[in-house]
Amino acid sequence: MGPKSYPFIGTTLGTMFKTRPERYIYMRSLAKRYGPLYRTWMGTHPVINMTDPRHAELILSSTTHISKGVSYNFILPWLGDGLLTSQGAKWFRHRKLLTPAFHFKILESFLSVFIEKSEILVKILEEKADGKTAFNIFPYITHCTLDIITETAMGIQVNAMSKKVNSYAEAVYGICGEISNRTTKALLSYDFVFYKSGYGKRFLEYLSTLHGTTNRVIHERKSLRQKHNINQEKENVDDFGRKKRQAFLDLLIDVSKDGAVLTHEQIREEVDTFMFEGHDTTTASISWTIFLLGLHSNVQEKAYQEVKSVFQDKNTLEFADINELKYLERVLKESLRLYPSVPAIARFTSEDLKIDDYFIPKGTTVGIHIMDIHLNPKYYPEPEKFDPDRFLPENSKDRHPYAYIPFSAGPRNCIGQKFALMEEKVVLAYLLRNYKIKSTQTVDDINPTVSLILRPDKGLYKREIETTCLKCKKYNRIRIHSTDYCSYFGL
Ligand code: HEM
Numbered sequence: 114m115g116p117k118s119y120p121f122i123g124t125t126l127g128t129m130f131k132t133r134p135e136r137y138i139y140m141r142s143l144a145k146r147y148g149p150l151y152r153t154w155m156g157t158h159p160v161i162n163m164t165d166p167r168h169a170e171l172i173l174s175s176t177t178h179i180s181k182g183v184s185y186n187f188i189l190p191w192l193g194d195g196l197l198t199s200q201g202a203k204w205f206r207h208r209k210l211l212t213p214a215f216h217f218k219i220l221e222s223f224l225s226v227f228i229e230k231s232e233i234l235v236k237i238l239e240e241k242a243d244g245k246t247a248f249n250i251f252p253y254i255t256h257c258t259l260d261i262i263t264e265t266a267m268g269i270q271v272n273a274m275s276k277k278v279n280s281y282a283e284a285v286y287g288i289c290g291e292i293s294n295r296t297t298k299a300l301l302s303y304d305f306v307f308y309k310s311g312y313g314k315r316f317l318e319y320l321s322t323l324h325g326t327t328n329r330v331i332h333e334r335k336s337l338r339q340k341h342n343i344n345q346e347k348e349n350v351d352d353f354g355r356k357k358r359q360a361f362l363d364l365l366i367d368v369s370k371d372g373a374v375l376t377h378e379q380i381r382e383e384v385d386t387f388m389f390e391g392h393d394t395t396t397a398s399i400s401w402t403i404f405l406l407g408l409h410s411n412v413q414e415k416a417y418q419e420v421k422s423v424f425q426d427k428n429t430l431e432f433a434d435i436n437e438l439k440y441l442e443r444v445l446k447e448s449l450r451l452y453p454s455v456p457a458i459a460r461f462t463s464e465d466l467k468i469d470d471y472f473i474p475k476g477t478t479v480g481i482h483i484m485d486i487h488l489n490p491k492y493y494p495e496p497e498k499f500d501p502d503r504f505l506p507e508n509s510k511d512r513h514p515y516a517y518i519p520f521s522a523g524p525r526n527c528i529g530q531k532f533a534l535m536e537e538k539v540v541l542a543y544l545l546r547n548y549k550i551k552s553t554q555t556v557d558d559i560n561p562t563v564s565l566i567l568r569p570d571k572g573l574y575k576r577e578i579e580t581t582c583l584k585c586k587k588y589n590r591i592r593i594h595s596t597d598y599c600s601y602f603g604l
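FYI, the numbering for the sequence shown is 114 to 604, going by the working numbering.
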């Protein structure tokens, strides 16, 4: 069952001439009409779509169907064979290699960076909050998460927050849009059409900016290591001769053995993957949470009281405090349920498969609709309602384990989920401690769009933030323009 299909373009006629927000509504309407299991055709390639956690579990928990769907091919010129897109033995080797870079002990050492960047963000917003100035908060969050990922994982400082525009962030946004166009306009899926079109030309321009930036990041880290005579091989052994844990890029550089084990290109593919996954997802999640907090003053007040009691008289958060931000964690979880940064993922079936009464042949793409799973009324009564208490242990203990999968699940789940939740808690705790947020648009006013990441279309950030500065106790109001958002991201 599924929408009508045509030669060469498959079922993409329904999305081909639609704007991005219209495409989002259309895709969701297909899920409602044909779900929980339905077929679409991406050009000439079959796709089985899933909106039920029971079906998602069969795919995600499998160690057989771990290759990504064909739509990921459009990301390959950018992320190459990095962890997100690689498969088979290479994926397994790299996953094993990189997992220790996200160990609890490493995360603990990142806390000071999360705090420092959050404090800078608060300071920058404080300067803008003069009661009259209009500005858009989205780029501020983007620049903050970029500063965090480059300093923690890559070991270099780019100080994105000190600049107004960041060409890397703009290029990420642009390239995601072009990749999304390829999945919804079937003719663009053919390379010979795409690269001759304006879409393809823009894609190549963005690509050159992105690879230029990540090459520079690797080069800078290597120079820094040379300058400070950092010999990781020696320094990564503790007093007892045991191997110490290393941050991400140092680990890659050391393992590479000057190109003998990992080439420069292979390192760059991983850096591209982690720079993208490590900032765009968290930006969306923090921004959607701000939007929801701004709509629900009771939730915001409760979260603020928790932050206040965790800080007490201290000026800074400590590692043990992060665990105490339990309500804020529920707020974040609920926000990721309603607005999952990654709203859909896909796998490629490596063997024939039977689900319920249906036969799915080897070589099919399976689309797992995280967004629709999260809004399934069978698992979430009043699914559109924002209610962080859904994630109280007593309210979630009987829920299907695959009914909440913002970080996916199983062997190819998100490697950075602990990093993400910790970073988001810290940034939001510092924002809540200093600012009171109010959104002037409702959920019905905003237009979510999917371009790899679930983002708000132009309208979301047209809102006001009321702030009371803790230092000067002055009450401020910041208006955030949709037009700023448009010009920044070239929408
Ligand atoms: C709110 C924040 C985040 C969300 C919602 C999120 C979500 C996801 C999802 C759904 C996947 C599965 C993708 C797929 O199957 O195609 C994934 C994979 C991945 N994520 Fe995240 N992510 C977040 C933050 C991060 C961060 C901070 C990092 C790195 C620092 C990261 C790195 C990765 C990587 C490398 C993969 C591929 C893992 C593999 O295939 O082995 N993510 N993420």
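By construction, the Cβ of each residue, glycine as well, lies at the ideal position given by its N, Cα and C atoms. The model shown is predicted, which means the values in this text are computed figures rather than measured ones.
Under a Cβ-count criterion, where at least 16 other Cβ atoms within 10 Å of its own Cβ denotes burial, should G311 be classed as buried or exposed? Result: exposed.
Indicate whether T326 and Y281 have their beta-carbon atoms separated by less than 8 Å. yes
Are D500 and E536 close, meaning C-beta to C-beta below 8 Å? no
I62 beta carbon near the ligand HEM (any heavy atom closer than 7 Å): Because the chain here runs from 114 to 604, residue 62 falls outside it and cannot be looked at.
Residues bridged to W154 [DSSP beta-bridge criterion]: P159
Going along the chain, which residues of its own chain have a beta-carbon closer than 8 Å to the beta-carbon of Y440, five neighbours each way excluded? K415, A416, E419, P501
Which term fits K181, buried or exposed, when burial requires 16 or more other beta carbons within 10 angstroms of its beta carbon? Taking a 10 Å sphere around the C-beta of K181, we find 16 or more other C-beta atoms and assign the residue as buried.
Cα-Cα, which of N162, S552, G123, G391 is closest to V285? G391
Quick check on L126: buried or exposed, where buried means 16 or more other Cβ atoms within 10 Å of its Cβ? Exposed.
Taking C-alpha atoms, which residue in A542, L406, I458, F404 lies nearest to L424? A quick correction: the sequence has Phe, not Leu, at residue 424. Per the Cα distances, A542.
Taking contact to mean 3 or more Cβ pairs, one atom from each stretch, closer than 8 Å, check whether the stretch 315-329 and the stretch 147-162 are in contact. no
Please determine whether the Cβ atom of V479 lies at a distance below 7 Å from any heavy atom of the ligand HEM. No, the beta carbon of V479 sits no closer than 7 Å to any heavy atom of the ligand HEM.
Between the C-alpha atoms of R503 and S509, what's the straight-line distance to the nearest angstrom? 6 Å
Q379: beta carbon under 7 Å from a heavy atom of the ligand HEM? no
Within 7 Å: the Cβ of F387 and any heavy atom of the ligand HEM? Within the cutoff, so yes.
Along the chain, where does the alpha helix (DSSP H) that runs through R334 open and close? Counting along the chain, the unbroken alpha helix (DSSP H) around R334 starts and ends at 311-340.
Contacts around I188, its chain only, beta-carbon distance under 7 Å, and the 5 residues preceding and following it disregarded: T198, I292
Would you tell me roughly how many angstroms separate the C-alpha atoms of T376 and T462, rounded to the nearest one? 30 Å
Does the beta-carbon of T322, which I'm using as the reference point, lie nearer than 7 Å to any heavy atom of the ligand HEM? no
Inter-stretch contact at 8 Å, needing at least 3 Cβ pairs: the stretch 367-382 / the stretch 425-445: no
Same chain only: Cβ atoms within 8 Å of T128, ignoring 5 sequence neighbours per side: Excluding positions up to five away in sequence, the list reads R136, Y139, M140, T297, K298.
The stretch 193-207 touching the stretch 486-498, judged by at least three CB pairs closer than 8 Å: no
Which same chain residues end up closer than 7 Å to P116 when comparing Cβ atoms and leaving out the 5 residues on each side of it in sequence? T124, G127, L143, T153
Tell me the DSSP secondary structure of E579 in three-state form. Low confidence applies to E579: its pLDDT is 40, below 50, so where it sits in the model is not reliable, and the reading given next is rough at best. If DSSP states are grouped into helix, strand and coil, E579 belongs with the strands.
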